[in-house]
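Under our numbering, residues 31 to 382 are what the sequence shown spells out, in order.
Every residue gets a Cβ at the ideal spot worked out from N, C-alpha and C, and that includes glycine.
Notes follow the structure.
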Amino acid sequence: MKEPQQHLLGSLSCAPQPGWRIIVVCTGVAEYVLVHSGVDSGLLSKVRLLRLARMTKLMRMVYHVPFFVELRKLMYMISSCMKTLFWSFLVLGVVMTMWSIVAVELVHPKVLELSSRGQWSDCERCSRAFSTVFHANITFFQTIVAGDSWGLMAIPVIEAHPWSLFIFTGALLTLVFGVLNVIVAVVVDAFAEARAKDVFTRAREMEWDEQQEKKVLSNIFNKIDTDGNGSLDFEELKEGARRHQQFSHLLRVLDIDTRDLEEMFVMLDHDGSGDISTTEFVEWMYRMKNTDSKTVIQFIKQKLTKIEEKVLEQEDTLESRLNDLVKFQSDCLQKLKDNYDAPTCFSLDHLK
């Protein structure tokens with residue numbers, strides 16, 4: 031089976047990475063040697079750029095500290111979508127170049143004409159905005175992608191030559207409402223797909239969430255344990271559901287009302303001791319809160335299937351025994367008919 035692809039963040043942050051540690055150490059040694067060798071400052075400044083390798087330590091901290099969960103997701107999204115972003119910007123460049131070729135052939139002569147009449151007298155670049163495909167690409171990127179002064183070039187040309195509206199608005203609609211929106215959708219989809227395949231990170235997040243939720247449940251248990259003996263009886267459970275707001279809200283989320291508390295207490299009390307321990311309370315409440323309903327339905331279906339199999343098996347056994355009994359009775363009746371003097375053969379021993 032092909033191993034899942036490791037993304038940049040995962041490769042830098044997962045457990046020991048000897049290669050990166052060697053780079054960090056070599057960077058420091060190289061800088062030390064160059065400083066004491068009296069080399070020129072230009073070479074030294076270039077070597078100091080290798081200090082960026084030390085940023086991997088910060089990335090490890092971001093990965094392992096739960097407080098940075100949002101930052102970790104952001105970094106993971108960037109690292110997992112680099113290939114998608116590359117092809118997206120390539121498509122953007124191709125589409126923008128196509129409009130640039132059209133603008134050079136059709137719009138540039140009109141721009142020169144307007145510029146000779148004094149239009150854009152305070153703009154040195156406007157007269158050559160569509161002189162070449164390169165300049166046209168810069169102009170479209172500035173005005174459409176970056177959103178900088180779209181009307182400065184477009185409005186005067188459109189007013190003088192209305193047919194140019196199809197070029198400017200066509201480029202605007204194609205790039206903004208077409209390519210850029212598709213890029214956003216593809217990037218989000220690529221991240222969602224990468225996250226769905228990243229079982230390791232999801233497992234770590236689920237483990238962290240489980241720890242936090244169980245800590246909250248333990249606090250609830252301690253608050254409703256009025257006598258502080260580390261266990262709950264039914265009266266404490268019922269009183270906690272009535273007085274403790276957080277516990278009552280949790281029961282409401284689980285669709286458990288006061289009429290179900292007695293049954294809930296029996297389910298929590300696994301060992302039948304008559305009280306509920308902290309472990310029993312936390313584990314059961316956590317499972318009830320986080321278990322997928324589809325999973326519960328599947329378990330119920332499996333139990334019902336086993337019950338059905340046992341019922342059918344008992345039915346077959348009972349049917350077989352009844353057939354044997356009927357056959358036995360028929361044989362007895364036949365013998366009685368053939369020989370009136372024969373002793374009865376119908377006894378409990380035969381039935382056994």
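For residue i, name the three-state secondary structure that DSSP assigns.
| i | result |
| --- | --- |
| residue 179 | coil |
| residue 262 | strand |
| residue 194 | helix |
| residue 286 | coil |
| residue 145 | helix |
| residue 278 | helix |
| residue 161 | coil |
| residue 307 | strand |
| residue 314 | helix |
| residue 301 | coil |
| residue 366 | helix |
| residue 155 | coil |
| residue 335 | helix |
| residue 347 | helix |
| residue 169 | helix |
| residue 354 | helix |
| residue 361 | helix |
CB-CB under 8 angstroms to residue i, same chain, minus the five flanking residues each way: which ones, in chain order?
| i | result |
| --- | --- |
| residue 287 | 281 |
| residue 129 | 166, 170, 197, 200, 201, 204 and 205 |
| residue 161 | 134 and 138 |
| residue 114 | 216, 217 and 220 |
| residue 123 | 167 |
| residue 208 | 125 |
| residue 243 | 316, 319 and 320 |
Let me know if residue i comes out buried or exposed under the rule of 16 or more other beta-carbons within 10 Å of its beta-carbon.
| i | result |
| --- | --- |
| residue 111 | buried |
| residue 201 | buried |
| residue 304 | exposed |
| residue 151 | exposed |
| residue 310 | buried |
| residue 184 | buried |
| residue 137 | buried |
| residue 226 | exposed |
| residue 102 | buried |
| residue 56 | exposed |
| residue 352 | exposed |
| residue 355 | exposed |
| residue 363 | exposed |
| residue 233 | exposed |
| residue 347 | exposed |
| residue 156 | buried |
| residue 222 | exposed |
| residue 335 | exposed |
| residue 144 | buried |
| residue 257 | exposed |
| residue 231 | buried |
| residue 178 | exposed |
Pick out whichever of the options has its Cα sitting closest to the Cα of residue i.
| i | options | result |
| --- | --- | --- |
| residue 104 | 309, 132 and 218 | 218 |
| residue 248 | 230, 308 and 284 | 308 |
| residue 299 | 289, 315 and 190 | 315 |
| residue 176 | 224, 205 and 196 | 205 |
| residue 253 | 245, 114 and 274 | 274 |
| residue 140 | 347, 265 and 195 | 195 |
| residue 119 | 354, 153, 211 and 99 | 211 |
| residue 312 | 109, 245, 234 and 224 | 245 |
| residue 187 | 142, 358, 240 and 357 | 142 |
| residue 261 | 231, 301 and 238 | 301 |
| residue 121 | 228, 214, 243 and 98 | 214 |
| residue 251 | 241, 239, 267 and 237 | 267 |
For residue i, which residues of its own chain have a beta-carbon under 7 angstroms away from its beta-carbon, when the five flanking residues on both sides are left out?
| i | result |
| --- | --- |
| residue 294 | 286 |
| residue 271 | 277, 278, 281, 288 and 291 |
| residue 174 | 180, 201, 202, 205 and 206 |
| residue 127 | 163 and 167 |
| residue 131 | 163 |
| residue 284 | 318 and 319 |
| residue 108 | none |
| residue 383 | With the chain covering 31 to 382 only, the question about residue 383 has no answer from this structure. |
For residue i, collect the residues of the same chain with a Cβ closer than 6 angstroms to its Cβ; drop the 5 residues on either side in sequence, then sort them by chain order.
| i | result |
| --- | --- |
| residue 368 | none |
| residue 263 | 305 |
| residue 394 | A query on residue 394 cannot be resolved here, the shown segment of the chain reaching from 31 to 382 and no further. |
| residue 359 | none |
Taking only heavy atoms of the ligand SAH into account, decide whether any of them is closer than 7 angstroms to the Cβ of residue i.
| i | result |
| --- | --- |
| residue 296 | With respect to the ligand SAH, the structure shown offers nothing to examine, as it has no ligands at all. |
With a floor of 4 residues, list each alpha helix (DSSP H) that falls wholly inside the stretch 200-240, ordered by position along the chain.
Listed in chain order, they are 211-227.
Within the stretch 102-135, ranges of the beta strand (DSSP E) (whole runs, at least 3 residues):
Counting only runs of 3 or more, we get nothing.
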